[in-house]
Amino acid sequence: MGDVKLPNGVMSKAVTIESDGEMRLWEGIEPPKVETKEDFIKAVRASGLVGLGGAGFPTHIKLNFPADKNIDTLIINAAECEPYITVDYRECMENSWDILSSVYTLKDILGFKRVVIAAEDNKPEAFKVLKNIADHKDDVDDEVQLMILESKYPQGAEKMMVQSATGRRVPPGKLPADVGCVVLNVTSAAFIARYLKTGKPLVSRSLTVDGSAIANPKNVRVPIGTNISDIIDFCGGFKTEPCKILTGGPMMGLAIVGTDLPVLKQNNAILAFSKDDAVLKPETDCIRCGRCAIACPMSLMPTNIVRAAKAKDPEALKQLGITVCMECGSCAFACPAGKPLVQHMRLAKAILREEGNK
Ligand code: SF4
Ligand code: SF4
Numbered sequence: 003m004g005d006v007k008l009p010n011g012v013m014s015k016a017v018t019i020e021s022d023g024e025m026r027l028w029e030g031i032e033p034p035k036v037e038t039k040e041d042f043i044k045a046v047r048a049s050g051l052v053g054l055g056g057a058g059f060p061t062h063i064k065l066n067f068p069a070d071k072n073i074d075t076l077i078i079n080a081a082e083c084e085p086y087i088t089v090d091y092r093e094c095m096e097n098s099w100d101i102l103s104s105v106y107t108l109k110d111i112l113g114f115k116r117v118v119i120a121a122e123d124n125k126p127e128a129f130k131v132l133k134n135i136a137d138h139k140d141d142v143d144d145e146v147q148l149m150i151l152e153s154k155y156p157q158g159a160e161k162m163m164v165q166s167a168t169g170r171r172v173p174p175g176k177l178p179a180d181v182g183c184v185v186l187n188v189t190s191a192a193f194i195a196r197y198l199k200t201g202k203p204l205v206s207r208s209l210t211v212d213g214s215a216i217a218n219p220k221n222v223r224v225p226i227g228t229n230i231s232d233i234i235d236f237c238g239g240f241k242t243e244p245c246k247i248l249t250g251g252p253m254m255g256l257a258i259v260g261t262d263l264p265v266l267k268q269n270n271a272i273l274a275f276s277k278d279d280a281v282l283k284p285e286t287d288c289i290r291c292g293r294c295a296i297a298c299p300m301s302l303m304p305t306n307i308v309r310a311a312k313a314k315d316p317e318a319l320k321q322l323g324i325t326v327c328m329e330c331g332s333c334a335f336a337c338p339a340g341k342p343l344v345q346h347m348r349l350a351k352a353i354l355r356e357e358g359n360k
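Its first residue numbered 3, the sequence shown is counted upward by one per residue in the numbering used here.
Right, dumping it as structure tokens:
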């Protein structure tokens, strides 16, 4: 046991495992016995599964919804959460049987009336695979449907996904469960099927290694805890000096200082960009063009939020709906003045939190 620095800079206790190089399954591992919903939730918890789409939220909590929530719809989220990342696409192409098995298991055990498999229209090959799952012979009442959504960031975000797939709008401060939906990432779903078959917990994951500074971009499957520098070496190292390295996507990913850090369960990508792709636009005055408001998927007014945050006005921030901001970065991306709007949004949330703690 020792102290290890995580990609977000936090120090954590960690056990270092020395590999014997064999990658054998321990003989004590066996598939869980699952007959009831309770058994299933217990098994998902024991598997160590968290949202593999990047959120890292414990899946057993998400699936253990109370009966009075009237959850009727499971949405399998096959829309990649951010540009560059292609792990969910590869999961669809390579592990379609696991996805199929999981869809029907989840539907039967948790009693969903309807399952929507949602994918974006820029992945026609995945579409064919998912269509076979939705059209499976076991789905006699056509309760499993495939929905093709416009390929548009942040389509993969949970609240966006609920609205696109069901037309239901998640109110501010509420969760998809409050409108009768559970959203599960497609790779997480596939993992559940594998765990139920083998009992092998979440000890590895796939991730995309990409960006202009990476010599041979590819998707890799690595044990959780693998050193990021080893993964980059496996991908040919850097072909040019990296100016910015991220865990996660280019919009919401976390910039890291150095690569001597372990991969975590929720890391779905490692991206490294050269100077040309990573230099920020110089910041200039706001020209009141409104592009940030047009770009915001949650219909917020970023400029008004910035003003309220600068005035440290928590009441105004609440009224402007800062709590629904998902820090997607669309406003900052659209801003011609190079305003660091996401940082302002985070600051605004911190002001509200501080007010709540008084
Ligand atoms: S980061 Fe910007 S675009 Fe995204 S939800 Fe927040 S305000 Fe809207
Ligand atoms: S996009 Fe940028 S320049 Fe335009 S109104 Fe918003 S903050 Fe101002």
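Glycine residues also receive a C-beta, built at the ideal position from the N, C-alpha and C atoms.
query                                                                                                             : result
Proximity winner among L54, K35, N229 and T249, relative to A45 (alpha-carbon distances)                          : K35
Identity of the residue in P174, T261 and P244 nearest V326 by Cα                                                 : P174
Cβ-heavy atom distance, L343 to ligand 2, below 8 Å                                                               : yes
Residues bridged to G4 (per DSSP)                                                                                 : A16
Heavy atom of ligand 4 within 8 Å of D110 beta-carbon                                                             : Ligands displayed in this structure: ligand 1 and ligand 2; ligand 4 is not among them.
Whole-Å CB distance - E329 paired with R309, under 8 Å assumed                                                    : Actually they do not touch by this definition, with Cβ atoms about 19 Å apart.
R207 classed as buried or exposed, judged by whether at least 16 other C-beta atoms fall within 10 angstroms      : buried
Nonlocal neighbours in the same chain, by C-beta distance under 6 Å from S301, ignoring five residues either side : none
Ligand 1 heavy atom lying under 8 Å from the CB of G373                                                           : There is simply no residue 373 to check, as the chain begins at 3 and stops at 360 in what is shown.
Opposing strand residues paired with S362 [DSSP bridges]                                                          : What the structure shows of the chain is the stretch from 3 to 360, and residue 362 is not part of that stretch, so it cannot be assessed.
Proximity test, L302 beta-carbon vs ligand 1 heavy atom, cut-off 8 Å                                              : yes
Beta-carbon separation (whole angstroms), I226 vs I272, contact threshold 8 Å                                     : I226 to I272, Cβ: 13 Å. No contact.
The stretch 183-203 contacting the stretch 212-232, beta-carbon criterion three pairs below 8 Å                   : no
N-terminal and C-terminal residue of the beta strand (DSSP E) that C183 is part of                                : C183 to N187
Rounded separation between P256 and K220 - CA only                                                                : It is Leu, not Pro, that sits at residue 256 in the sequence shown. If you take the alpha carbons of L256 and K220, they lie about 20 Å apart.
Where the beta strand (DSSP E) containing I258 begins and where it ends                                           : Premise fails: I258 is in no beta strand (DSSP E) and is neither H nor E.
Buried versus exposed, by CB contacts within 10 Å (16 or more), Q157                                              : buried
A121, enclosing beta strand (DSSP E) - first and last residue                                                     : R116 to E122
E329 CB to nearest heavy atom of ligand 1 below 8 Å                                                               : yes
Outcome for L65 when other beta-carbon atoms lying within 10 angstroms are tallied against a minimum of 16        : buried
Distance between I78 and P338 (C-alpha atoms, nearest Å)                                                          : 35 Å
Nearest-angstrom Cα separation, counted from D137 out to C245                                                     : 46 Å
Nearest candidate by alpha-carbon position, reference L148, set A16, W28, M254 and A80                            : A80
For F129 and K150, believed in contact at Cβ under 8 Å, the rounded distance                                      : A small correction: the amino acid at residue 150 is Ile; Lys does not occupy that position in the sequence shown. About 6 Å separates the two Cβ atoms, so the contact holds.
heavy atom of ligand 1 below 8 Å from V17 C-beta                                                                  : no
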